[in-house]
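K.L.:
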Amino acid sequence: MIEEGKKIILFDGVCNLCNGAINFIIKRDKHKVFVYASLQSEIGQKLIAERNINTQEIDSILLIDPGVAYYHKSTAALQIAKHLKGGYPLLSVFLILPTFLRDWVYDIIARNRYKWFGKKDSCMIPTPELKALFIDQ
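Sequential numbering of the sequence shown, starting at 4, is according to my numbering.
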């Protein structure tokens with residue numbers, strides 16, 4: 004069950020870069036806006052199917068705002084940044100750039116993430132104190 008008002012971040016659970024990004028977000032999520040699940044999990048697959056998202060075309064982080072919309076690639080990253088403490092909300096200014104340009108940069112990183120940052124054999128297991136933030140446990 005997902006707490007009302009929470010936004011869901013779906014991420015590649017075996018990607019070292021993605022796991023690092025989730026840890027980064029957790030530390031800076033000042034209002035505990037987000038909950039998390041891996042794309043590979045049962046709940047991740049269910050949320051993807053409910054929104055008819057083709058994961059062959061969208062190989063990226065997904066931000067689901069239940070009842071509102073979902074975002075992917077650079078738009079998801081910038082929407083997430085809006086809710087982080089520090090100067091990160093200022094990054095949302097990049098939303099004025101054309102999506103194709105922002106996603107071009109995002110896609111280069113996404114295509115090379117395993118080569119540059121490595122890959123795990125299985126999805127990360129959150130520490131006991133973080134377990135409540137993961138809806139796929």
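Even for Gly, the Cβ is constructed at its ideal location relative to N, Cα and C. What you are looking at is a predicted structure, and each value in this text was computed from that prediction instead of being measured.
Alpha carbon to alpha carbon, how far is T78 from A72?
P.N.:
The residue you call residue 78 lines up with position 75 of the sequence shown. The residue you call residue 72 lines up with position 69 of the sequence shown. Their backbone Cα atoms lie some 12 angstroms apart in a straight line.
K.L.:
Leaving out five residues on either side along the sequence, give the residues of the same chain with a beta carbon under 6 angstroms from the beta carbon of N19.
P.N.:
The residue you call residue 19 lines up with position 16 of the sequence shown. Once the five neighbours on either side are set aside, the close Cβ partners of N19 are F120, G121.
K.L.:
Using a threshold of 8 angstroms, state whether the C-beta atoms of V38 and I11 are closer than that.
P.N.:
Residue numbering aside, residue 38 sits at position 35 when the sequence shown is read from its first letter. Residue numbering aside, residue 11 sits at position 8 when the sequence shown is read from its first letter. Going by C-beta atoms, V38 is nearer than 8 angstroms to I11.
K.L.:
Is S95 closer than 8 angstroms to K88 when the C-beta atoms are compared?
P.N.:
Residue numbering aside, residue 88 sits at position 85 when the sequence shown is read from its first letter. Residue numbering aside, residue 95 sits at position 92 when the sequence shown is read from its first letter. No, they are not a contact pair.
K.L.:
Would you report the Cα separation of I29 and L81, rounded to the nearest angstrom?
P.N.:
Indexing the sequence shown from 1 puts residue 29 at position 26. Indexing the sequence shown from 1 puts residue 81 at position 78. Cα to Cα, the separation comes out at about 15 angstroms.
K.L.:
Please name the residue, chosen from L66, K76, I83, that lies closest to C34 on a Cα-to-Cα basis.
P.N.:
Residue mapping note: residue 34 aligns to position 31 of the sequence shown, counting from 1. It is His, not Cys, that sits at residue 34 in the sequence shown. If we check each option's Cα against that of H34, I83 comes out closest.
K.L.:
According to DSSP, is D62 helix, strand or coil?
P.N.:
As a working note, residue 62 is residue 59 in the sequence shown. Coil.
K.L.:
Assuming the contact rule is C-beta atoms closer than 8 angstroms, P69 and I5 should be a hit. Round their C-beta distance to whole Å, please.
P.N.:
Taking the sequence shown and counting its residues from 1, one reaches residue 69 at position 66. Taking the sequence shown and counting its residues from 1, one reaches residue 5 at position 2. 7 angstroms between Cβ atoms; contact.
K.L.:
Could you tell me which residues DSSP pairs with F14 in its beta bridges?
P.N.:
Counting from 1 along the sequence shown, the entry for residue 14 is found at position 11. For F14, which the question treats as bridged, DSSP gives the partners S41.
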